[in-house]
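Visitor: For the sequence shown, UniProt numbering assigns the number 1 to the initial residue and increments by one for each residue that follows.
Note that beta-carbon positions come from the ideal geometry of N, C-alpha and C, so glycine has one too.
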Amino acid sequence: MASITVVTDTGGNRTPLLHDSHTENYGGEAKYSEPPPAEEPPPEISSEPKQRLVSLDVFRGLTVALMILVDDAGGAFPAINHAPWFGVTLADFVMPFFLFGVGVSIGLVFQKVANRLEATKKVVSRSIKLFLMGVILQGGYFHGRGDLTYGIDVEKIRVMGVLQRIAIGYMLASALEIWLVHNTAVNSTITFMKRYSFLIAAGFLVGVLYMVLLYGLYVPDWDFDISSLNMILPTLLGTNSQTVHCGITGSLEPPCNAVGFIDRIILGENHLYQRPVYRRTKECSVNSPDYGPPPPNSPAWCLAPFDPEGILSSLMAAITCLVGLHYGHILVHCKDQMQKAIFWFISSLPLLIMGYLLTVVGDPLSKPLYTLSYMFVTAGASGVVLTFIYFIVDMRCIRKPTLIFQWMGMNALIVYALAACDIFPAAVQGFYWRSPENNLVIV
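The following block contains the structure:
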């Protein structure tokens, strides 16, 4: 990096999802200091005037819009729905884009941390609130279209979910940013790498832990009970209990992978997602790649639950936040806008290439498992898309066409909650042509 400084803009006031604001810091080197005496009020993480990074709002808003599109139209158009198990479609980029954007925001928010302990407390508090909100919205039944009742079945409440995964990634990335960044002045590429060397090493160790467990953990045979949430009634199989035969290590197939095994042990099968995407595979659906009745002699595991936002896969998902954090660091330390865009694009290419090479050597793209190849490809794609938006919105100042996405990005959590509770689709459903049946949701 040729000319690297830290700078500060002026303006705005909040960041969606997790932070009060995300900024580019253009004035004064970011550094850490010791906590103040206990009797003094803890200083703010950053007291400098701030301005929103518009391209990040647009990026996040585009992600929210994409989420709504695939959730409401994915059933009608399987090509944009989630891949049944291996491979990626448009829908499979939504979660990594969210996590990547969170990482960029973290890099901007924690430029100055005067009190590490106080900052950590705020991070933990925000993470818990976000996790609990996810449990309420996705963990149980909130309400359906045309029904405003509220209720959660505690016996079968889903523990993990989209917001829960974001909370885990946010907490891990923020903690590493707060505690592991060197107090080193950045004036070259070498000093840049030195400043964040511990953070990079921590991310590498998290990835190694994931790979060791994914390929090295022994998965024994396991049983599950067919619940009323499954597609086939127990009477069709003659029993309520089914056995899945595994006794293997290193499997990435739906029935015998370590991701599902860890979730079943820690969370229990009743608290997992009851309609997993592998029910759209050829083994489990005659309408594959869409949901449908299982073919004759379909395997028993087709009826088993599986959580696509599980515990082990969330470790790898957190690395996507760390990749976004790297892009946030570039944003902080590079003064020239074109230099930022160039470094972003240069950082994205190796990620895409590495993801492709991993698929060649046998590590398939899989969103449910959040495989290493999937992480690299989606993180690289996130970087390319953000670079393009940054060039258009912040460098060329072409903003009017993106105002709707900017608004959605500034209010991402609200929009997500409305969509998750079916309030947004219900509102859209109210607009119809001639008769209520001719509305956008049903069409």
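Residue ranges of each alpha helix (DSSP H) run of no fewer than 4 residues wholly in the segment 100-177, ordered along the chain?
Guide: The qualifying runs are 116-134.
Visitor: Would the segment 387-401 count as touching the segment 326-343 if we require 3 or more Cβ pairs under 8 Å?
Guide: Enough Cβ pairs lie closer than 8 Å, so yes.
Visitor: Below 6 Å CB to CB, which residues in the same chain sit around Trp433 once its five sequence neighbours on both sides are set aside?
Guide: Correct list: empty, nothing qualifies.
Visitor: Taking only three categories from DSSP, how would you classify Ser435?
Guide: The answer is strand: DSSP assigns Ser435 an E or B state.
Visitor: How far does the beta strand (DSSP E) with Ile243 in it reach, from first residue to last?
Guide: Just to set this straight, residue 243 is Thr in the shown sequence, not Ile. Here the beta strand (DSSP E) through Thr243 covers Ser241 to Val244.
Visitor: The beta strand (DSSP E) spanning Trp301 covers which residue range?
Guide: Taken as a continuous stretch (DSSP letters only), Trp301 belongs to no beta strand (DSSP E), as it is neither H nor E.
Visitor: Could you tell me whether the Cβ atoms of Val102 and Ile178 are closer together than 8 Å?
Guide: Contact: no.
Visitor: Determine the direct distance from the alpha carbon of Pro96 to that of Ile166, and round the result to whole angstroms.
Guide: Going from the Cα of Ile166 to the Cα of Pro96 covers about 10 Å.
Visitor: Assuming His82 contacts Arg158 under a Cβ cut-off of 8 Å, what Cβ separation, rounded to an integer in Å, is found between them?
Guide: Wrong, their Cβ atoms sit about 17 Å apart, outside the cutoff.
Visitor: State the Cα-Cα distance for the pair Tyr356 and Val377, rounded to the nearest angstrom.
Guide: Distance between the alpha carbons of Tyr356 and Val377 is about 7 Å.
Visitor: Which one of Ser55, Leu372, Gly292 and Leu53 has the shortest CA to CA distance from Leu214?
Guide: When only C-alpha atoms are compared, the closest one is Leu372.
Visitor: Between Ser105, Leu312, Phe131 and Lys367, which lies nearest to Ile262 when the distance is taken from Cα to Cα?
Guide: Checking every option, the nearest Cα to that of Ile262 belongs to Leu312.
Visitor: Using the rule of at least 16 other Cβ atoms within 10 Å of the residue's Cβ for burial, across every protein chain shown, is Asn257 buried or exposed?
Guide: Buried.
Visitor: Assuming Trp222 is part of the beta strand (DSSP E), what are its boundary residues?
Guide: Run containing Trp222: Trp222 to Asp225, per the beta strand (DSSP E) assignment.
Visitor: Any contact between the segment 397-406 and the segment 52-60? By contact I mean 3 or more CB pairs, one from each, below 8 Å.
Guide: Yes, the segment 397-406 is in contact with the segment 52-60.
Visitor: Could you tell me the distance, in whole angstroms, from the CA atom of Thr63 to the CA atom of Leu99?
Guide: Approximately 10 Å between the Cα atoms of the pair.
Visitor: In the structure shown, what three-state DSSP assignment does Val186 receive?
Guide: DSSP places Val186 in coil when its eight states are reduced to three.
Visitor: Using 8 Å as the threshold, is the C-beta distance between Ala420 and Gln164 below it?
Guide: No, the Cβ-Cβ distance between Ala420 and Gln164 is not below 8 Å.
Visitor: Exposed or buried, what is Glu309 when buried is set at 16 or more other beta-carbons lying within 10 Å of its beta-carbon?
Guide: By the neighbour-count rule (16 or more Cβ atoms within 10 Å), Glu309 is buried.
Visitor: Kindly indicate which residue of Gly161, Pro295, Ile136 and Ile168 has the alpha-carbon position closest to the one of Asp153.
Guide: Looking at the Cα atoms, Ile136 is the closest of the given residues.
Visitor: List the residues that DSSP assigns as beta-bridge partners of Val219.
Guide: The partner list for Val219 (beta bridge, DSSP) reads Ile248.
Visitor: Is DSSP giving Gly260 helix, strand or coil here?
Guide: Three-state DSSP puts Gly260 in a helix.
Visitor: Going residue by residue through the segment 381-419, where are the continuous alpha helix (DSSP H) segments of at least 4 residues, counting only ones entirely within it?
Guide: With a minimum length of 4 residues, the continuous alpha helix (DSSP H) runs that stay inside the segment 381-419 are 403-410.
Visitor: Can you list, in chain order, the residues of its chain whose CB lies under 7 Å from that of Leu233, leaving out five sequence neighbours each side?
Guide: Any reading at Leu233 must be qualified, since the residue scores a pLDDT of 45, below 50, and its modelled position is unreliable; no value is offered.
Visitor: Between Val88 and Gly328, is the Cβ-Cβ spacing less than 8 Å?
Guide: Result no, Cβ atoms of Val88 and Gly328 do not sit closer than 8 Å.
Visitor: Gly87 bridges to which residues according to DSSP?
Guide: BP columns for Gly87 point to Ser366.
Visitor: Quick check on Val415: buried or exposed, where buried means 16 or more other Cβ atoms within 10 Å of its Cβ?
Guide: So Val415 counts as buried.
Visitor: Tell me whether Val54 is buried or exposed, calling it buried when 16 or more other Cβ atoms sit within 10 Å of its Cβ.
Guide: Burial call: buried.
Visitor: Below 8 Å CB to CB, which residues in the same chain sit around Ser288 once its five sequence neighbours on both sides are set aside?
Guide: So the qualifying residues of the chain are Pro84, Arg280, Thr281 and Lys282.
Visitor: CA-CA distance, Leu172 and Ala318?
Guide: In a straight line, the C-alpha of Leu172 is about 7 Å away from that of Ala318.
Visitor: Taking only the alpha-carbon atoms, compute the straight-line gap between Thr191 and Ala185 and give it to the nearest angstrom.
Guide: Approximately 7 Å between the Cα atoms of the pair.
Visitor: Flag this pair as yes or no: are the beta carbons of Ser241 and Asp223 separated by less than 8 Å?
Guide: For Ser241 and Asp223, yes; Cβs fall inside 8 Å.
Visitor: Take Leu217 as the anchor and find which of Thr249, Pro368 and Lys194 has the nearest alpha-carbon.
Guide: Looking at the Cα atoms, Thr249 is the closest of the given residues.
Visitor: Which word fits Val360, buried or exposed, when buried means at least 16 other C-beta atoms lie within 10 angstroms of its C-beta?
Guide: Val360 comes out exposed.
Visitor: Among Ile353, Leu176, Tyr278 and Asn187, whose alpha-carbon lies nearest the alpha-carbon of His333?
Guide: Ranking Ile353, Leu176, Tyr278 and Asn187 by Cα distance to His333 puts Asn187 first.
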